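K.L.:
Yeah, the sequence shown ends on 455 if you go by the working numbering, and it's all consecutive.
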Amino acid sequence: MPQIWPDEYWNPKNETMPRERLRALQLGKLRDLCAWAEARSVFHRERFEKARFSADQLRTWDDIRRIPMMTREEWMASQAERPPYGTLPAANPEVAIRLHTTSGTTGKMPLRAMDSMRDWEWISECWAYGFHAMGVRSRDTVFIAFSYAQFIGFWGAHYANEKLGAMVIPSGSLPTEQRIKLVIENGATVLCATPTYVLRLAEVGRQMGIDVAGSRVERIILSGEPSGSVPAVRRQIESAWNARCGDTAGMTEIGTIFMFECRQQPGGAHILEDHFIEEVIDPETGRPCGYGEKGERVCTSFGRGILPLIRYRSCDIVEKRPHTDCPCGRTFDIYHGGIQTRVDDMHKIRGTNVYPRAVEAIVREHGEIDEFQLVLHTHEASGRDEVTVRCEMKKGQEAAWPALYPALQKELAESHENLRFNVELAAAGELPRFELKAKRLVDKRRKGS
(Lines of atoms letter the chains of each structure in order from A and count residues from 1; the text may use other names and numbers.)
(Lines give C-alpha, C1' and ligand atoms only; values in the text may rest on other atoms or scores of the structure.)
Protein backbone atom coordinates (compact mmCIF):
# COMPACT_ATOMS: atom_id res chain seq x y z
CA MET A 1 0.00 0.00 0.00
CA PRO A 2 1.31 3.51 -0.77
CA GLN A 3 2.21 5.73 2.13
CA ILE A 4 -0.14 8.71 2.32
CA TRP A 5 1.40 11.19 4.73
CA PRO A 6 -0.81 13.05 7.24
CA ASP A 7 0.18 16.32 5.53
CA GLU A 8 0.18 14.88 1.99
CA TYR A 9 -1.81 17.69 0.38
CA TRP A 10 -1.12 21.41 0.18
CA ASN A 11 -4.82 22.08 -0.42
CA PRO A 12 -6.64 18.94 0.81
CA LYS A 13 -10.14 20.19 -0.05
CA ASN A 14 -9.33 20.84 -3.69
CA GLU A 15 -6.76 18.11 -4.32
CA THR A 16 -9.18 15.38 -3.24
CA MET A 17 -12.40 16.97 -4.54
CA PRO A 18 -14.77 14.50 -6.29
CA ARG A 19 -14.53 14.82 -10.06
CA GLU A 20 -18.11 16.01 -10.55
CA ARG A 21 -17.59 18.84 -8.06
CA LEU A 22 -14.23 19.68 -9.64
CA ARG A 23 -15.91 19.97 -13.05
CA ALA A 24 -18.58 22.25 -11.58
CA LEU A 25 -15.88 24.41 -9.99
CA GLN A 26 -14.03 24.68 -13.31
CA LEU A 27 -17.19 25.57 -15.23
CA GLY A 28 -18.08 28.31 -12.75
CA LYS A 29 -14.58 29.76 -12.91
CA LEU A 30 -14.62 29.57 -16.70
CA ARG A 31 -17.89 31.47 -16.87
CA ASP A 32 -16.52 34.21 -14.60
CA LEU A 33 -13.25 34.38 -16.55
CA CYS A 34 -14.99 34.72 -19.91
CA ALA A 35 -17.30 37.44 -18.55
CA TRP A 36 -14.26 39.31 -17.17
CA ALA A 37 -12.34 38.98 -20.45
CA GLU A 38 -15.36 39.96 -22.53
CA ALA A 39 -15.85 43.13 -20.50
CA ARG A 40 -12.21 44.13 -19.98
CA SER A 41 -10.02 42.71 -22.79
CA VAL A 42 -10.30 44.17 -26.29
CA PHE A 43 -8.44 41.10 -27.61
CA HIS A 44 -11.01 38.64 -26.29
CA ARG A 45 -14.05 40.82 -26.94
CA GLU A 46 -13.21 41.05 -30.63
CA ARG A 47 -12.54 37.31 -30.86
CA PHE A 48 -15.75 36.44 -29.03
CA GLU A 49 -17.81 38.72 -31.28
CA LYS A 50 -16.29 37.17 -34.38
CA ALA A 51 -17.15 33.67 -33.10
CA ARG A 52 -20.60 34.84 -31.93
CA PHE A 53 -19.80 33.67 -28.42
CA SER A 54 -20.66 35.24 -25.07
CA ALA A 55 -20.02 34.09 -21.51
CA ASP A 56 -23.73 33.47 -20.81
CA GLN A 57 -23.63 30.61 -23.34
CA LEU A 58 -21.53 28.51 -20.93
CA ARG A 59 -24.21 26.31 -19.39
CA THR A 60 -22.68 22.82 -19.74
CA TRP A 61 -19.18 21.44 -19.99
CA ASP A 62 -19.51 20.83 -23.74
CA ASP A 63 -20.14 24.56 -24.27
CA ILE A 64 -16.41 25.16 -23.86
CA ARG A 65 -16.07 24.30 -27.54
CA ARG A 66 -18.03 27.45 -28.38
CA ILE A 67 -15.03 29.50 -27.22
CA PRO A 68 -12.54 30.23 -30.01
CA MET A 69 -9.02 28.97 -29.33
CA MET A 70 -6.26 31.55 -29.14
CA THR A 71 -2.67 31.25 -30.38
CA ARG A 72 0.69 32.74 -29.59
CA GLU A 73 0.77 34.24 -33.08
CA GLU A 74 -2.45 36.19 -32.40
CA TRP A 75 -1.08 37.48 -29.12
CA MET A 76 2.18 38.54 -30.75
CA ALA A 77 0.29 40.23 -33.60
CA SER A 78 -1.72 42.30 -31.12
CA GLN A 79 1.51 43.42 -29.44
CA ALA A 80 2.96 44.42 -32.81
CA GLU A 81 -0.14 46.39 -33.76
CA ARG A 82 -0.50 48.13 -30.41
CA PRO A 83 2.89 48.06 -28.61
CA PRO A 84 4.15 47.34 -26.10
CA TYR A 85 1.49 45.08 -24.52
CA GLY A 86 -1.16 44.67 -27.22
CA THR A 87 -4.89 44.35 -26.60
CA LEU A 88 -4.90 41.25 -24.37
CA PRO A 89 -4.51 42.99 -20.93
CA ALA A 90 -7.77 43.09 -18.97
CA ALA A 91 -6.43 45.62 -16.47
CA ASN A 92 -4.46 48.84 -16.63
CA PRO A 93 -0.72 48.07 -16.96
CA GLU A 94 -0.20 50.51 -14.07
CA VAL A 95 -1.33 47.81 -11.62
CA ALA A 96 1.48 45.51 -12.78
CA ILE A 97 4.50 45.04 -10.52
CA ARG A 98 6.57 42.79 -12.78
CA LEU A 99 7.29 42.26 -16.46
CA HIS A 100 8.69 39.04 -17.92
CA THR A 101 9.45 38.19 -21.53
CA THR A 102 10.03 35.13 -23.63
CA SER A 103 11.12 34.66 -27.22
CA GLY A 104 8.56 35.61 -29.86
CA THR A 105 7.45 33.71 -32.92
CA THR A 106 9.63 35.75 -35.26
CA GLY A 107 12.58 36.20 -32.95
CA LYS A 108 12.46 39.97 -33.52
CA MET A 109 10.08 40.90 -30.70
CA PRO A 110 9.62 39.22 -27.33
CA LEU A 111 6.29 38.18 -25.91
CA ARG A 112 5.64 40.43 -22.89
CA ALA A 113 3.81 39.14 -19.83
CA MET A 114 2.80 41.37 -16.90
CA ASP A 115 1.73 40.40 -13.39
CA SER A 116 0.04 42.20 -10.52
CA MET A 117 0.62 41.55 -6.81
CA ARG A 118 -2.48 39.33 -6.81
CA ASP A 119 -1.15 37.41 -9.82
CA TRP A 120 2.11 36.71 -8.00
CA GLU A 121 0.24 35.37 -4.99
CA TRP A 122 -1.50 32.92 -7.31
CA ILE A 123 1.74 32.05 -9.15
CA SER A 124 3.48 31.08 -5.91
CA GLU A 125 0.39 29.15 -4.75
CA CYS A 126 0.53 26.92 -7.83
CA TRP A 127 4.23 26.24 -7.36
CA ALA A 128 3.57 25.38 -3.69
CA TYR A 129 1.36 22.48 -4.81
CA GLY A 130 4.32 20.93 -6.62
CA PHE A 131 6.99 21.37 -3.97
CA HIS A 132 4.70 20.21 -1.18
CA ALA A 133 3.67 17.15 -3.23
CA MET A 134 7.32 16.09 -3.52
CA GLY A 135 7.80 16.36 0.23
CA VAL A 136 9.43 19.79 0.60
CA ARG A 137 8.69 21.24 4.04
CA SER A 138 9.68 24.16 6.26
CA ARG A 139 12.73 22.29 7.56
CA ASP A 140 14.27 22.18 4.05
CA THR A 141 16.94 24.40 2.53
CA VAL A 142 16.14 24.99 -1.14
CA PHE A 143 18.86 25.97 -3.61
CA ILE A 144 17.60 27.55 -6.82
CA ALA A 145 20.19 27.26 -9.60
CA PHE A 146 18.64 29.85 -11.88
CA SER A 147 19.67 33.24 -13.22
CA TYR A 148 16.96 35.66 -12.10
CA ALA A 149 16.22 37.78 -15.16
CA GLN A 150 13.48 38.32 -17.76
CA PHE A 151 12.83 34.59 -18.25
CA ILE A 152 10.15 33.71 -15.68
CA GLY A 153 11.64 30.28 -14.91
CA PHE A 154 11.92 29.54 -11.20
CA TRP A 155 10.78 32.98 -9.97
CA GLY A 156 7.51 31.49 -8.73
CA ALA A 157 9.34 28.57 -7.12
CA HIS A 158 11.34 31.03 -5.03
CA TYR A 159 8.21 32.62 -3.56
CA ALA A 160 6.46 29.25 -3.14
CA ASN A 161 9.25 27.94 -0.94
CA GLU A 162 9.10 31.05 1.19
CA LYS A 163 5.36 30.38 1.54
CA LEU A 164 6.19 26.81 2.60
CA GLY A 165 8.53 28.24 5.24
CA ALA A 166 11.67 26.69 3.71
CA MET A 167 14.98 28.53 3.56
CA VAL A 168 15.66 29.69 -0.01
CA ILE A 169 19.14 30.19 -1.46
CA PRO A 170 18.94 32.12 -4.76
CA SER A 171 22.06 31.89 -6.90
CA GLY A 172 21.45 34.64 -9.47
CA SER A 173 24.20 34.79 -12.07
CA LEU A 174 26.86 33.00 -10.02
CA PRO A 175 29.21 30.67 -11.90
CA THR A 176 28.61 26.94 -11.67
CA GLU A 177 31.61 26.32 -9.41
CA GLN A 178 30.35 28.85 -6.86
CA ARG A 179 26.88 27.36 -6.93
CA ILE A 180 28.22 23.90 -6.13
CA LYS A 181 30.15 25.29 -3.18
CA LEU A 182 27.02 26.99 -1.86
CA VAL A 183 25.00 23.78 -2.17
CA ILE A 184 27.58 21.89 -0.14
CA GLU A 185 28.49 24.59 2.39
CA ASN A 186 24.85 25.43 3.23
CA GLY A 187 23.64 21.84 3.36
CA ALA A 188 20.94 22.33 0.72
CA THR A 189 18.39 19.52 0.84
CA VAL A 190 16.47 20.53 -2.30
CA LEU A 191 17.93 21.55 -5.66
CA CYS A 192 15.91 23.32 -8.38
CA ALA A 193 17.15 23.60 -11.97
CA THR A 194 16.60 22.42 -15.52
CA PRO A 195 17.50 18.74 -16.16
CA THR A 196 20.42 19.81 -18.35
CA TYR A 197 21.86 22.09 -15.69
CA VAL A 198 21.49 19.54 -12.89
CA LEU A 199 23.69 17.19 -14.93
CA ARG A 200 26.09 20.08 -15.62
CA LEU A 201 26.38 20.79 -11.89
CA ALA A 202 27.27 17.13 -11.28
CA GLU A 203 29.84 17.21 -14.08
CA VAL A 204 31.57 20.32 -12.73
CA GLY A 205 31.38 18.89 -9.20
CA ARG A 206 33.36 15.86 -10.38
CA GLN A 207 35.94 18.15 -11.98
CA MET A 208 36.25 20.01 -8.68
CA GLY A 209 36.70 16.78 -6.75
CA ILE A 210 33.37 17.24 -4.93
CA ASP A 211 31.18 14.21 -4.32
CA VAL A 212 27.73 15.68 -5.02
CA ALA A 213 26.17 12.25 -4.41
CA GLY A 214 27.38 12.56 -0.84
CA SER A 215 25.79 15.97 -0.33
CA ARG A 216 22.65 16.56 1.73
CA VAL A 217 20.52 17.05 -1.39
CA GLU A 218 17.53 14.69 -1.07
CA ARG A 219 15.17 16.05 -3.71
CA ILE A 220 15.66 17.64 -7.11
CA ILE A 221 12.78 19.61 -8.61
CA LEU A 222 13.06 19.90 -12.38
CA SER A 223 11.41 22.29 -14.81
CA GLY A 224 12.01 24.04 -18.11
CA GLU A 225 12.66 21.04 -20.39
CA PRO A 226 10.62 18.00 -21.52
CA SER A 227 13.53 15.73 -20.58
CA GLY A 228 12.55 16.08 -16.93
CA SER A 229 10.17 13.18 -17.54
CA VAL A 230 12.52 11.10 -19.72
CA PRO A 231 13.37 7.97 -17.66
CA ALA A 232 16.98 7.74 -18.88
CA VAL A 233 17.67 11.39 -18.01
CA ARG A 234 16.14 10.98 -14.57
CA ARG A 235 18.18 7.87 -13.87
CA GLN A 236 21.36 9.75 -14.70
CA ILE A 237 20.39 12.65 -12.44
CA GLU A 238 19.32 10.45 -9.53
CA SER A 239 22.49 8.38 -9.84
CA ALA A 240 24.76 11.43 -10.01
CA TRP A 241 23.17 13.13 -6.99
CA ASN A 242 21.80 10.15 -5.05
CA ALA A 243 18.56 12.13 -4.80
CA ARG A 244 14.98 11.77 -5.97
CA CYS A 245 13.70 13.78 -8.95
CA GLY A 246 10.32 15.38 -9.41
CA ASP A 247 9.17 17.06 -12.63
CA THR A 248 7.08 20.19 -13.12
CA ALA A 249 6.14 22.23 -16.18
CA GLY A 250 4.98 25.78 -16.73
CA MET A 251 5.20 28.53 -19.31
CA THR A 252 5.61 32.30 -19.44
CA GLU A 253 2.15 32.71 -20.96
CA ILE A 254 0.50 31.53 -17.73
CA GLY A 255 3.30 32.58 -15.37
CA THR A 256 3.43 29.40 -13.30
CA ILE A 257 3.33 25.60 -13.38
CA PHE A 258 0.28 23.68 -14.55
CA MET A 259 1.45 20.17 -13.58
CA PHE A 260 3.49 18.57 -10.80
CA GLU A 261 4.66 15.14 -9.72
CA CYS A 262 3.73 13.67 -6.37
CA ARG A 263 5.83 11.31 -4.26
CA GLN A 264 4.03 8.25 -5.67
CA GLN A 265 5.29 9.11 -9.18
CA PRO A 266 2.90 7.03 -11.30
CA GLY A 267 4.75 7.84 -14.53
CA GLY A 268 3.35 11.29 -15.00
CA ALA A 269 2.42 14.59 -13.40
CA HIS A 270 -0.86 15.75 -11.89
CA ILE A 271 -2.63 18.68 -13.55
CA LEU A 272 -3.61 21.60 -11.28
CA GLU A 273 -7.23 21.24 -12.23
CA ASP A 274 -8.58 23.64 -9.63
CA HIS A 275 -6.53 26.40 -11.30
CA PHE A 276 -6.61 25.33 -14.96
CA ILE A 277 -8.70 23.62 -17.58
CA GLU A 278 -6.41 21.46 -19.66
CA GLU A 279 -7.88 20.07 -22.87
CA VAL A 280 -6.11 17.70 -25.27
CA ILE A 281 -7.00 18.00 -28.96
CA ASP A 282 -5.91 16.62 -32.30
CA PRO A 283 -3.59 19.42 -33.50
CA GLU A 284 -4.82 19.12 -37.09
CA THR A 285 -8.58 18.69 -36.66
CA GLY A 286 -9.24 20.17 -33.21
CA ARG A 287 -11.06 16.97 -32.22
CA PRO A 288 -11.00 16.31 -28.44
CA CYS A 289 -8.67 13.45 -27.48
CA GLY A 290 -9.65 10.86 -24.88
CA TYR A 291 -7.54 9.22 -22.20
CA GLY A 292 -4.49 7.53 -23.69
CA GLU A 293 -4.51 9.57 -26.90
CA LYS A 294 -1.64 11.91 -27.67
CA GLY A 295 -2.56 15.43 -28.71
CA GLU A 296 -1.91 19.14 -28.23
CA ARG A 297 -2.68 20.63 -24.84
CA VAL A 298 -5.00 23.63 -24.81
CA CYS A 299 -4.80 25.68 -21.63
CA THR A 300 -7.29 27.92 -19.83
CA SER A 301 -5.80 29.68 -16.81
CA PHE A 302 -7.91 31.05 -13.95
CA GLY A 303 -5.34 32.92 -11.89
CA ARG A 304 -3.58 35.61 -13.90
CA GLY A 305 -6.01 38.52 -13.91
CA ILE A 306 -4.13 40.94 -16.15
CA LEU A 307 -3.67 38.47 -19.02
CA PRO A 308 -6.69 36.15 -19.41
CA LEU A 309 -5.51 33.02 -21.20
CA ILE A 310 -8.54 31.21 -22.57
CA ARG A 311 -8.25 28.03 -24.68
CA TYR A 312 -4.63 28.81 -25.52
CA ARG A 313 -2.97 26.42 -27.97
CA SER A 314 0.34 25.55 -26.32
CA CYS A 315 1.96 23.38 -29.05
CA ASP A 316 2.85 20.89 -26.26
CA ILE A 317 2.14 17.25 -27.05
CA VAL A 318 0.70 15.35 -24.07
CA GLU A 319 -1.25 12.21 -23.19
CA LYS A 320 -3.86 12.50 -20.46
CA ARG A 321 -4.53 9.61 -18.08
CA PRO A 322 -7.17 9.36 -15.30
CA HIS A 323 -6.29 10.31 -11.72
CA THR A 324 -6.94 6.71 -10.67
CA ASP A 325 -3.59 5.76 -12.24
CA CYS A 326 -1.98 7.25 -9.12
CA PRO A 327 -2.61 5.88 -5.61
CA CYS A 328 -1.90 9.22 -3.88
CA GLY A 329 -5.58 10.09 -3.49
CA ARG A 330 -5.54 13.23 -5.62
CA THR A 331 -8.43 13.55 -8.04
CA PHE A 332 -6.40 15.64 -10.51
CA ASP A 333 -5.83 13.84 -13.81
CA ILE A 334 -2.32 13.05 -15.04
CA TYR A 335 -0.16 13.91 -18.02
CA HIS A 336 1.55 10.60 -18.66
CA GLY A 337 5.25 11.16 -19.34
CA GLY A 338 4.88 14.92 -18.74
CA ILE A 339 5.35 17.08 -21.82
CA GLN A 340 6.27 14.49 -24.41
CA THR A 341 7.32 16.84 -27.21
CA ARG A 342 6.08 19.88 -29.10
CA VAL A 343 4.16 20.27 -32.32
CA ASP A 344 6.80 22.70 -33.57
CA ASP A 345 9.70 20.46 -32.43
CA MET A 346 9.02 17.93 -35.14
CA HIS A 347 11.47 17.91 -38.06
CA LYS A 348 10.89 15.83 -41.14
CA ILE A 349 14.03 14.17 -42.52
CA ARG A 350 13.50 12.24 -45.76
CA GLY A 351 9.87 11.59 -44.87
CA THR A 352 10.55 10.55 -41.25
CA ASN A 353 9.53 12.60 -38.21
CA VAL A 354 12.44 13.38 -35.88
CA TYR A 355 11.76 14.73 -32.38
CA PRO A 356 14.68 16.00 -30.25
CA ARG A 357 13.13 14.53 -27.07
CA ALA A 358 12.98 11.07 -28.65
CA VAL A 359 16.64 11.34 -29.65
CA GLU A 360 17.61 12.43 -26.13
CA ALA A 361 15.73 9.50 -24.61
CA ILE A 362 17.96 7.13 -26.58
CA VAL A 363 21.26 8.98 -26.12
CA ARG A 364 20.78 9.27 -22.34
CA GLU A 365 20.48 5.50 -22.03
CA HIS A 366 24.26 5.50 -22.51
CA GLY A 367 25.82 6.84 -19.33
CA GLU A 368 29.22 7.16 -20.97
CA ILE A 369 27.97 10.15 -22.99
CA ASP A 370 28.40 13.50 -21.29
CA GLU A 371 26.74 15.87 -23.80
CA PHE A 372 25.30 15.67 -27.28
CA GLN A 373 24.10 17.83 -30.16
CA LEU A 374 21.55 17.12 -32.92
CA VAL A 375 22.53 18.65 -36.27
CA LEU A 376 20.22 18.81 -39.31
CA HIS A 377 22.05 19.59 -42.54
CA THR A 378 21.90 19.21 -46.32
CA HIS A 379 24.35 16.87 -48.06
CA GLU A 380 26.29 18.99 -50.57
CA ALA A 381 26.53 16.39 -53.33
CA SER A 382 23.08 14.78 -53.19
CA GLY A 383 21.12 17.74 -51.84
CA ARG A 384 19.21 15.48 -49.46
CA ASP A 385 18.62 16.22 -45.79
CA GLU A 386 20.80 14.44 -43.23
CA VAL A 387 20.73 14.14 -39.44
CA THR A 388 23.86 13.84 -37.30
CA VAL A 389 24.16 13.20 -33.57
CA ARG A 390 27.43 14.51 -32.14
CA CYS A 391 28.45 12.99 -28.82
CA GLU A 392 30.96 14.08 -26.22
CA MET A 393 32.20 11.34 -23.88
CA LYS A 394 32.64 11.63 -20.14
CA LYS A 395 36.21 11.84 -18.93
CA GLY A 396 37.67 8.35 -18.66
CA GLN A 397 34.99 6.81 -20.87
CA GLU A 398 36.59 7.52 -24.25
CA ALA A 399 37.56 3.87 -24.76
CA ALA A 400 33.87 2.91 -24.88
CA TRP A 401 33.26 4.88 -28.09
CA PRO A 402 34.17 2.19 -30.71
CA ALA A 403 31.51 -0.16 -29.31
CA LEU A 404 29.01 2.55 -28.41
CA TYR A 405 29.00 4.20 -31.83
CA PRO A 406 27.40 1.36 -33.87
CA ALA A 407 24.99 0.50 -31.03
CA LEU A 408 23.76 4.07 -30.83
CA GLN A 409 23.41 4.36 -34.59
CA LYS A 410 21.36 1.14 -34.66
CA GLU A 411 19.06 2.24 -31.80
CA LEU A 412 18.39 5.62 -33.38
CA ALA A 413 17.54 4.04 -36.74
CA GLU A 414 15.25 1.41 -35.21
CA SER A 415 13.26 4.06 -33.36
CA HIS A 416 12.92 6.27 -36.46
CA GLU A 417 11.59 3.96 -39.19
CA ASN A 418 15.15 2.90 -40.11
CA LEU A 419 16.21 6.45 -40.93
CA ARG A 420 20.00 6.50 -41.01
CA PHE A 421 21.57 8.75 -38.38
CA ASN A 422 25.16 9.88 -38.68
CA VAL A 423 26.91 9.59 -35.31
CA GLU A 424 30.09 11.54 -34.62
CA LEU A 425 32.50 11.87 -31.70
CA ALA A 426 33.04 15.44 -30.51
CA ALA A 427 36.18 16.53 -28.68
CA ALA A 428 36.12 17.02 -24.91
CA GLY A 429 34.58 20.39 -24.06
CA GLU A 430 33.62 21.09 -27.68
CA LEU A 431 29.83 21.04 -27.30
CA PRO A 432 27.99 23.90 -25.56
CA ARG A 433 26.70 23.63 -21.97
CA PHE A 434 23.46 25.18 -20.82
CA GLU A 435 22.08 26.67 -17.62
CA LEU A 436 18.49 27.29 -18.67
CA LYS A 437 16.70 25.57 -21.52
CA ALA A 438 19.11 23.52 -23.58
CA LYS A 439 19.33 24.25 -27.31
CA ARG A 440 20.88 21.07 -28.62
CA LEU A 441 19.32 21.17 -32.08
CA VAL A 442 21.22 23.00 -34.82
CA ASP A 443 19.41 23.32 -38.15
CA LYS A 444 21.86 23.96 -40.99
CA ARG A 445 19.60 22.81 -43.82
CA ARG A 446 19.47 24.89 -46.97
CA LYS A 447 16.30 26.94 -47.34
CA GLY A 448 13.69 25.11 -49.36
CA SER A 449 15.24 21.70 -48.73
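Quick reminder that beta carbons are idealized off the backbone N, C-alpha and C, glycines included.
Quick caveat: nothing in here was measured; it's all calculated off a predicted structure.
Just to confirm before moving on: does the CB-CB distance between Lys443 and Glu231 stay below 7 angstroms?
P.N.:
It is a contact, given that the beta carbons lie within the stated cut-off.
K.L.:
If I measure Cβ to Cβ from Glu224 and keep anything under 6 angstroms in the same chain, skipping five residues before and after, which residues do I get?
P.N.:
These residues qualify, in order along the chain: Thr195 and Ala249.
K.L.:
Beta-carbon within less than 7 angstroms of Arg446's beta-carbon, same chain only, minus the 5 sequence neighbours each way: which residues are those?
P.N.:
Here the set comprises Pro362, Phe378, Gln379 and Leu380.
K.L.:
Output the distance between the C-alpha atoms of Cys334 and Gly215, rounded to the nearest integer angstrom.
P.N.:
Going by the C-alpha atoms only, they are around 39 angstroms apart.
K.L.:
Let me know if Gln9 comes out buried or exposed under the rule of 16 or more other beta-carbons within 10 Å of its beta-carbon.
P.N.:
Exposed, since its Cβ has fewer than 16 Cβ neighbours within 10 Å.
K.L.:
With burial defined as no fewer than 16 other Cβ atoms inside 10 Å of the residue's Cβ, what is the status of Val304: buried or exposed?
P.N.:
The residue is buried, with at least 16 neighbouring Cβ atoms inside 10 Å.
K.L.:
Can you tell me whether Gln346 is buried or exposed? The criterion is at least 16 other CB atoms within 10 Å of its CB, across all chains shown.
P.N.:
With 16 or more other Cβ atoms within 10 Å, it is buried.
K.L.:
Looking only at its chain, what residues have a beta carbon closer than 8 angstroms to the beta carbon of Pro176, apart from the 5 residues adjacent to it on each side?
P.N.:
Ile150, Phe152, Tyr154 and His164.
K.L.:
Going by DSSP, what residue range makes up the alpha helix (DSSP H) through Met123?
P.N.:
Met123 to Ala139 is the span of the alpha helix (DSSP H), which, as asked, contains Met123.
K.L.:
Would the beta-carbon of His281 fall within 7 angstroms of that of Cys132?
P.N.:
Result yes, Cβ atoms of His281 and Cys132 sit closer than 7 angstroms.
K.L.:
Under DSSP, the alpha helix (DSSP H) around Ile203 begins and ends at which residues?
P.N.:
Just to set this straight, residue 203 is Tyr in the shown sequence, not Ile. Pro201 to Gln213 is the span of the alpha helix (DSSP H), which, as asked, contains Tyr203.
K.L.:
If you run the structure through DSSP and keep just helix, strand and coil, what is Arg396?
P.N.:
Strand at Arg396.
K.L.:
Looking only at DSSP bridge pairs, what is Gly301 linked to?
P.N.:
Gly301 is bridged to Val324.
K.L.:
Considering only DSSP beta bridges, list what Lys499 is partnered with.
P.N.:
Outside the shown range of the chain, which is 7 to 455, sits residue 499, and nothing can be said about it.
K.L.:
Can you round the beta-carbon distance between Met75 and Arg319 to whole angstroms, since I take them to be within the 8 angstroms contact cut?
P.N.:
That belief holds up - the Cβ atoms of Met75 and Arg319 are roughly 5 angstroms apart, short of 8 angstroms.
K.L.:
Who are the Cβ neighbours of Glu374 in its own chain at under 7 angstroms, not counting the five residues just before and after it?
P.N.:
Same-chain partners within the cutoff: Met399, Lys400, Gln403, Ala406 and Leu410.
K.L.:
Rounded to the nearest angstrom, what separates Arg25 and Gln63 at their Cα positions?
P.N.:
C-alpha separation (whole angstroms): 23 angstroms.
K.L.:
In angstroms, rounded to a whole number, what distance separates the CA positions of Arg71 and Tyr297?
P.N.:
So the alpha carbons of these two residues sit roughly 18 angstroms apart.
K.L.:
Taking the beta strand (DSSP E) that Thr258 belongs to, which residues open and close that run?
P.N.:
Looking at the DSSP string, Thr258 is not in any beta strand (DSSP E), and its letter there is neither H nor E.
K.L.:
Using a Cβ-Cβ cutoff of less than 8 angstroms, which residues in the same chain neighbour Ala275 once the five nearest sequence positions on both sides are dropped?
P.N.:
Closer than 8 angstroms at Cβ, skipping near neighbours: Ser235, Asp253, Thr254, Ala255, Met265, Phe266, Glu267, Ile340, Tyr341 and Gly344.
K.L.:
DSSP state of Met115, grouped into three classes?
P.N.:
DSSP places Met115 in coil when its eight states are reduced to three.
K.L.:
Distance, Cα to Cα, Glu423 vs Ile368?
P.N.:
Rounded to the nearest angstrom, the two C-alpha atoms are 14 angstroms apart.
K.L.:
For Gln85, does the count of other Cβ atoms within 10 angstroms reach 16, so buried, or fall short, so exposed?
P.N.:
Burial call: buried.
K.L.:
From Phe54 to Gly34, what distance separates their C-alpha atoms?
P.N.:
Distance between the alpha carbons of Phe54 and Gly34: 18 angstroms.
K.L.:
Which residue from Cys332, Val218 and Cys321 puts its Cα closest to that of Asp350?
P.N.:
With distances taken between Cα atoms, Asp350 lies closest to Cys321.
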